[in-house]
Amino acid sequence: MSTNWKDALERVATEVVAQFAADVDSLGRFPSESVDALAKAGLLGAVSAKEVGGLALGHRGASEIVRRVSQECGSTGMVVSMHFCGTAVLEAFADQATRKAAATGEHFSTLAFSEAGSRSHFWVPVSTATKNGTGVVLDAKKSWITSASKATAYVWSSRPLAAEGLSTIWLVPANAQGMKIQGPFNGLGLRGNDSSPAVAEGVHVPQTAMLGEDGKGFDIMMGIVLPMFNVLNASCAIGLMEGAVARTAKHAGTQYEYSGSALAELPTIRNYIARMQIKTDMARLLLDDTLNALESGRADTMLKVLEVKAAAGEAATEVLDLAMRVCGGMAFRKDVGVERYFRDTRAGGVMAPTTDVLYDFIGKAVTGLPLF
Ligand SMILES: Cc1cc2nc3c(=O)[nH]c(=O)nc-3n(C[C@H](O)[C@H](O)[C@H](O)COP(=O)(O)OP(=O)(O)OC[C@H]3O[C@@H](n4cnc5c(N)ncnc54)[C@H](O)[C@@H]3O)c2cc1C
Numbered sequence: 004m005s006t007n008w009k010d011a012l013e014r015v016a017t018e019v020v021a022q023f024a025a026d027v028d029s030l031g032r033f034p035s036e037s038v039d040a041l042a043k044a045g046l047l048g049a050v051s052a053k054e055v056g057g058l059a060l061g062h063r064g065a066s067e068i069v070r071r072v073s074q075e076c077g078s079t080g081m082v083v084s085m086h087f088c089g090t091a092v093l094e095a096f097a098d099q100a101t102r103k104a105a106a107t108g109e110h111f112s113t114l115a116f117s118e119a120g121s122r123s124h125f126w127v128p129v130s131t132a133t134k135n136g137t138g139v140v141l142d143a144k145k146s147w148i149t150s151a152s153k154a155t156a157y158v159w160s161s162r163p164l165a166a167e168g169l170s171t172i173w174l175v176p177a178n179a180q181g182m183k184i185q186g187p188f189n190g191l192g193l194r195g196n197d198s199s200p201a202v203a204e205g206v207h208v209p210q211t212a213m214l215g216e217d218g219k220g221f222d223i224m225m226g227i228v229l230p231m232f233n234v235l236n237a238s239c240a241i242g243l244m245e246g247a248v249a250r251t252a253k254h255a256g257t258q259y260e261y262s263g264s265a266l267a268e269l270p271t272i273r274n275y276i277a278r279m280q281i282k283t284d285m286a287r288l289l290l291d292d293t294l295n296a297l298e299s300g301r302a303d304t305m306l307k308v309l310e311v312k313a314a315a316g317e318a319a320t321e322v323l324d325l326a327m328r329v330c331g332g333m334a335f336r337k338d339v340g341v342e343r344y345f346r347d348t349r350a351g352g353v354m355a356p357t358t359d360v361l362y363d364f365i366g367k368a369v370t371g372l373p374l375f
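Each residue of the sequence shown is one higher than the one before, starting from 4 at the first, in our numbering.
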């Protein structure tokens with residue numbers, strides 16, 4: 004890997020993402036400045052091939068970008084994660100022009116899998132695709148789409164058109180006639196992620212909008228999307244933990260004026276900070292092992308992919324509980340800046356596959372039961 008993109012990442016993270024993070028959170032607005040700066044630096048092309056102008060950094064490079072950005076702003080980390088997940092599917096199935104546009108960020112991508120009818124069980128869409136002349140009509144009630152009003156097109160799931168199978172994947176323009184976004188987003192955390200429901204009523208797409216084969220959506224979800232999504236969701240959680248540990252340690256240096264002693268001189272405070280650091284390091288090491296497994300095609304890759312999102316998501320909520328405790332009343336207000344991280348970490352565990360669903364899958368895998 005060249006080091007140039009790492010320098011660019013550091014510059015964008017400190018000079019742009021960090022500057023706008025609090026504003027994005029308090030106004031619940033999309034982190035446009037940060038996404039634009041990442042695009043300008045070429046970093047939105049992390050998972051795109053060099054032949055279409057990308058950086059070809061794979062899971063590891065995408066993870067590093069999401070982790071660094073999330074140390075400053077969880078909302079930016081999440082919208083970039085979803086762009087990388089959508090782009091991974093486009094890399095496998097879209098035409099050259101779309102892939103080129105995704106590599107520059109001119110085409111901003113996301114996933115539209117979750118539906119009102121199957122909620123977190125994203126692998127069983129109930130929405131439909133119906134043949135209409137030479138094209139296809141899509142009808143759906145999508146329950147959450149990150150970057151719903153900013154994405155160029157959605158990587159979209161439906162029931163198959165004609166084939167057997169659980170689903171088919173499509174590329175659906177966000178501005179297609181019949182698409183209604185039910186925004187704006189007003190959630191507890193990741194307040195800039197623009198994650199809204201959208202209703203598709205008679206949305207016409209050409210047959211060529213199909214990504215992969217009819218009925219093969221499940222294979223795309225499990226083979227391409229799940230490893231990318233789980234790794235990046237974990238990277239976002241780890242970035243949030245790292246950001247919170249740094250802020251908490253800084254706050255622990257503040258002194259009581261009457262005695263001149265710092266918070267960090269209290270053994271209890273040091274104990275909590277130590278636990279935060281250990282949980283963060285454990286999650287990061289599991290992430291590194293998952294990336295190693297993906298890169299070498301290890302036999303336990305899928306198990307690690309399932310584990311890493313659950314572990315990092317759970318660790319992040321624990322670490323941020325501790326951060327709130329250490330920083331006390333100053334954290335309850337916005338003085339220290341950890342309460343944003345506290346709220347942002349709550350999202351990862353309920354994003355599908357949710358932590359509880361992952362525990363079920365991991366338990367099945369370990370005991371030799373089929374996952375589905
Ligand atoms: C910030 C944010 C951004 C999102 N962005 C996107 C996006 O870009 N694209 C997209 O497609 N979706 C997105 N989602 C949706 C997300 O992936 C989930 O589908 C959604 O959060 C689940 O909603 P629900 O609580 O209604 O699900 P429910 O299925 O009702 O789950 C409720 C609870 O039940 C538990 N549960 C459900 N099934 C089981 C089981 N079998 N075993 C044990 N426990 C179970 C879950 O863990 C959860 O705690 C986003 C969600 C959030 C919060």
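Note that the Cβ used here is the ideal one computed from N, Cα and C, for glycine as well.
* Would you say the beta carbon of His86 comes nearer than 7 Å to a heavy atom of ligand 1? -> no
* Nearest-angstrom Cβ-Cβ length linking Lys53 and Ala59, presumed shorter than 8 Å -> Right, the Cβ-Cβ distance comes to about 5 Å (below 8 Å), so this counts as a contact.
* Asked: How about the region 279–293 and the region 358–372: do they share at least three Cβ pairs that are nearer than 8 Å?
  -> no
* Kindly indicate which residue of Ala313, Asp222, Glu298, Phe116 has the alpha-carbon position closest to the one of Ala156. => Phe116
* Asked: Shorter than 8 Å from the beta carbon of Met333 to some beta carbon of chain C?
  -> Looking at the structure shown, chain C is missing, and only one protein chain is on hand.
* Pull up the distance between the alpha-carbon of Val339 and that of Gly138, whole angstroms please. => Near 54 Å, if we compare the C-alpha coordinates of Gly138 and Val339.
* Do Met224 and Val206 have their C-beta atoms closer together than 8 Å? -> No, the Cβ-Cβ distance between Met224 and Val206 is not below 8 Å.
* Closest by CA to Gly168, which one among Lys103, Asp217, Val15? -> Asp217
* **Residue closest to Gln180, alpha-carbon to alpha-carbon, out of Leu191, Ala201, Leu235, Ser66** => Ala201
* Please list the segments of the beta strand (DSSP E) lying wholly inside the region 106–184, counting only runs of 3 or more residues, in order along the chain. => 131–135, 138–148, 156–161, 171–176, 182–184
* Asked: Among Gly332, Ala247, Ala95, Asn236, which has the Cα closest to the Cα of Val158?
  -> When only C-alpha atoms are compared, the closest one is Ala95.
* Can we count Ala350 as close to ligand 2, meaning its CB is less than 7 Å from some heavy atom? -> For the structure depicted, ligand 2 is absent and the ligand set comprises only ligand 1.
* What's the C-alpha gap between Ala368 and Pro230? -> 16 Å
* Asked: Looking at Ser170 and Phe221, is the spacing between their C-beta atoms short of 8 Å?
  -> yes
* Contacting residues, own chain, Cβ-Cβ under 6 Å from Ala318 (five flanking each side not counted) -> Hits under 6 Å: Lys282, Ala286.
* Asked: How about His124: is its Cβ closer than 7 Å to a heavy atom in ligand 1?
  -> His124 Cβ: within cutoff of ligand 1.
* Leaving aside the five residues before and after Pro176 along the sequence, list all residues of the same chain whose C-beta is less than 6 Å from its C-beta, in chain order. => Ala156
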